[in-house]
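Visitor: Dumping the structure here so I can ask a few things about it.
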Amino acid sequence: MTLARFLVFLCFVHGTFQSQSLAPAAEGCLSGEWKEEEPLGPGSAQSGLDSPAADDTERFWTEDVSTGVSYQINSESSLTWYQARKSCQEQNAELLSITEIHEQAYVGEQIKKFSFPFWIGLNTLNFNSGWQWAGGSPFRYLNWAPGSPFPTPGRLCGTVNPRQDGKWENQACNQRFGYICKKRKINSKFDNITKEEIGSIRCTEGWWPYAGHCYSIQRESKAWKDALTSCKRQDGDLASVHSIAEYSFLVSQLGYKPTEELWLGLNDLKVHFYFEWSDGTPVTFTTWQRRHPTYRNDREDCVLMKGQDGYWATDVCDKQIGYICKKKPSSQSPEEKIKDPGCQEGWKKYGFHCYLVGSTLATFSDANKTCEQNKAYLATVETRNEQAFLISLTGLRSGKYFWLGLSDTEEQGIFRWTSGETPAFTHWNSAMPGKEHGCVAMGTGADAGLWDVISCQETANFLCKQWAVELSPPTPPAQVHAATCAQGWDEAPQADSCFKFFVRDKNLKKNWFEAEEFCREIGGNLVTINSKEEQVLIWQLALEKGLQTQGFWMGLFLLNPDEGFAWIDGSPVIYENWDEGEPNNVKGIEHCVMFNRSPQMRWNDLYCEHLLNWICETKKGTLLKPEPNNKHEYQAVQTADGWIVYEDKQYYFSRERVPMDKARTICQRNFADLVVIENENERQFIWKYMNRKQSDIFLQAESYFIGLFVSSDQKLRWV
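Take the sequence shown: its letters are residues -18 to -1, 1 to 701, numbered as in mature numbering (1 follows the signal peptide of the UniProt record, and there is no 0).
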């Protein structure tokens, strides 16, 4: 078989190649980022165009008159997903979300004349949950292209592709495409969030009240349709969930167990890929499990909640499991005050504690004094389940903030509870905790449960917490024989984790997503650093191996623009050790964090596609799985005359610096041409081989021409 030959003279920066499906971005030489000057589209301060005035919307926007929703098709821009979203937000809009079949048809008609993808708000940037829309619209309608979503690590953002009949595909978020913005006439992040004060209602025995409805977990296993029939016989329906507050109530107050699976009323039995509630109420909220919703066998039409967080998953409707019913209270039932055992009147019990929702506004100090006068303290939050309980108490209330007992007033940047303890759990809002010191308050409504650092002198509602009366505190766990680490893993007496440094040859190093996938498949995650002591431990282990000046990935990332920095294992961000001038998010694409190549191993935010060594962490005693084979690893075979063989092609990476026309002439003299990149695997191969030839990741990557150019009609074409 004759192998096709290509020379690579590739114009390349930061490792992001694009295909012929991209919008025009430059003339002649194309860089991996496509353009030195990055247009932000109409209405952006950097676009060179005036922002559209309120009465000049038609200049850039088209309106669907049947819904009153306006859309902006940015076909001449080439931005990353993050830049595209910022451009939309600067115009009081959001990246496109598609929640209705009619909307998909309308958008498809608007873009059918184009031959390249557009960014939309589709993403799975929260690693522990599933697909979602930027801005919080419910993910209730699916329109994936065949083979999508692709399982390749790092493809976390979505596009709509006219060449696939307007269907959706997932891409790496730092690729560059055109984009579509969406704006409602009523411009609100969550038009469907209704705040209300939660009154008490009376429910029949075995049912629990919340926000005007009664709920009951029924643990007798039934298929979905039989479960629905059972709920209707009790004058109810399978539960519908319309807000994070209601979802948090189901997880925290109904006796839900992380080991069980329970049917909800969500299904797509009427219209395939279009989810509806069985009680006919509108779909305003979804919270999917990781890699859900999915259709592996094309029969997963009903939705259940399961797992530690109670996230949702699709499954076959014949599955026999328990279910949750929901109904309205009897019209004859008057409101009544319910006193939880062990708690004062007006306080709510959860676990071994009682909680008071303070309805008056107070500064942080005054709120703390009020709690102390009630023999309580400003609330601490120790687990995800406790966080969910507090959201269920506050999420639908009218106040903007509720004080928690957390602040960094004693030592700036070090957050502690009023008791002096360091938090074991955090749930920061976007860009929090930031560099400003202050006190921590929990948001409501659209930001329900998210933590902000605000001035301690601001006034807000508050949450008090105390031990329940006549209840003994939980017995500390019995001391057991300390577990050990597997052979080849590092351990220390003061740590309950095991660590392993993975050092690979250049082309076998991994980007951040591949490294995390590798650690996860073993049974762990990329390493987490929660204290100065843990930082010193990792440094000492590296020093013993002579690896302290190597670059290693850690588990810290900032991929979700709605949240701050987060650890991949869910640990709180309570310690940081940034190198000087970091994090700096160069060009807006540095979303993953590494141990820098410095003797102190301080931290640096970096482009997630960089190839580095990595450090995995597992808990002591974890039964490890075999190390996975990397789907993208390859063995580079070199011919006698210096060409690299990959699949059915040969490539030559030339370091000679010449203009594009001369580069192509050189290729043709060797019976080849400038490279044409046909798929993601080929892009990965070229990018990794190029990195193999770089001596230092902190030097700008060599620039190489590829066979992509802007033709006279301003369209991107391959040679």
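We treat Cβ as the ideally placed atom computed from N, Cα and C, and that holds for glycine.
1. Do F257 and V285 have their C-beta atoms closer together than 8 angstroms?
2. Closest by CA to N666, which one among D643, E629, D695 and D655?
3. Nearest to R398 by CA position, among Q114, N489, V435 and K607, is which residue?
4. Which residues does DSSP pair with C336 in a beta bridge?
5. Measure the alpha-carbon distance for A221 versus P275 and round it to whole angstroms.
6. Comparing C-alpha positions only, which one of T268, K204, C501 and W245 sits nearest to Y229?
7. Under the rule that 16 or more other beta-carbon atoms within 10 Å means buried, what is H573, buried or exposed?
8. Taking 8 angstroms as the cut-off, does the stretch 160 to 169 touch the stretch 42 to 58 (at least 3 CB pairs, one atom from each stretch)?
9. Can you tell me where the beta strand (DSSP E) holding W63 begins and where it ends?
10. Which word fits E591, buried or exposed, when buried means at least 16 other C-beta atoms lie within 10 angstroms of its C-beta?
11. Could you tell me how far apart the beta carbons of C307 and D283 are, in whole angstroms, since I believe they sit closer than 8 angstroms?
12. Go through its chain and collect everything with a Cβ distance to P415's Cβ below 6 angstroms, but skip five positions before and after it.
13. Between the stretch 95 to 106 and the stretch 140 to 149, do at least 3 Cβ pairs fall closer than 8 angstroms?
14. Suppose you measure from the CA of K204 to the CA of L244; what does that come to, to the nearest Å?
15. Please determine, among F121, F635, S347 and I80, the residue with the shortest C-alpha to C-alpha distance to L248.
16. Closest to L246 by CA distance: which of V253, A548, R201 and G402 is it?
17. Using the DSSP secondary-structure output, state which residues sit across from F384 in a beta bridge.
18. Quick check: G140 and R273, are their CB atoms within less than 8 angstroms of each other?
19. With DSSP as the reference, identify every bridge partner of A497, one or two as the case may be.
20. What residues in its chain sit with their C-beta under 6 angstroms from that of W63, if we drop five residues either side in the sequence?
21. In three-state terms, what does DSSP make of A548?
22. Quick check: the Cα distance between A193 and F231, rounded to an integer number of angstroms?
23. So, is V657 buried or exposed, given that buried needs 16 or more other C-beta atoms within 10 angstroms?
24. If we ignore side chains and look at the alpha-carbon of each, how far apart do W669 and C353 end up?
25. Quick check on the DSSP output: what are the complete beta strand (DSSP E) runs of length 3 or more inside the stretch 550 to 586, in order along the chain?
26. What did DSSP end up calling N350 once you bin it into helix, strand or coil?
27. For S479, count the other beta carbons within 10 Å of its own beta carbon; 16 or more makes it buried, fewer makes it exposed. Which is it?
28. In whole angstroms, what is the alpha-carbon distance linking G117 and R579?
29. State the Cα-Cα distance for the pair T510 and D551, rounded to the nearest angstrom.
30. Applying the criterion that 16 or more other CB atoms from any shown protein chain within 10 Å of the CB defines a buried residue, is residue 723 buried or exposed?
31. Assess contact between the stretch 496 to 513 and the stretch 636 to 644, defined as three or more Cβ pairs (one per stretch) separated by less than 8 angstroms. Is contact present?
32. Quick check on the burial criterion: 16 or more other C-beta atoms within 10 angstroms. Buried or exposed for L605?
33. Given a cut-off of 8 angstroms, decide if M576 and F547 are closer than it, judged by their beta-carbon atoms.
34. Would you decide whether V265 is buried or exposed? Buried here means 16 or more other CB atoms lie within 10 Å of its CB.
35. Going by beta carbon distance, what residues of the same chain come within less than 7 angstroms of T441, once the five residues before and after it are set aside?
36. One question on the structure: do G537 and L508 come within less than 8 angstroms of each other, judged by their Cβ atoms?
Guide: A quick look at the data gives this:
1. yes
2. In the sequence as displayed, the identity of residue 666 is Gln instead of Asn. Cα-wise, what sits closest to Q666 is E629.
3. V435
4. K331 and Q448
5. 18 angstroms
6. T268
7. buried
8. yes
9. Careful: W63 lies outside any beta strand (DSSP E), inside the alpha helix (DSSP H) at W63 to Q71.
10. buried
11. About 20 angstroms; that fails the 8 angstroms criterion.
12. V435
13. yes
14. 10 angstroms
15. F121
16. R201
17. M424 and N443
18. no
19. Partner(s): none; A497 has no beta bridge.
20. W101, C139 and C155
21. strand
22. 10 angstroms
23. buried
24. 58 angstroms
25. 572 to 577
26. helix
27. buried
28. 37 angstroms
29. 8 angstroms
30. With the chain covering -18 to 701 only, the question about residue 723 has no answer from this structure.
31. no
32. exposed
33. no
34. buried
35. L343, A344 and T345
36. yes
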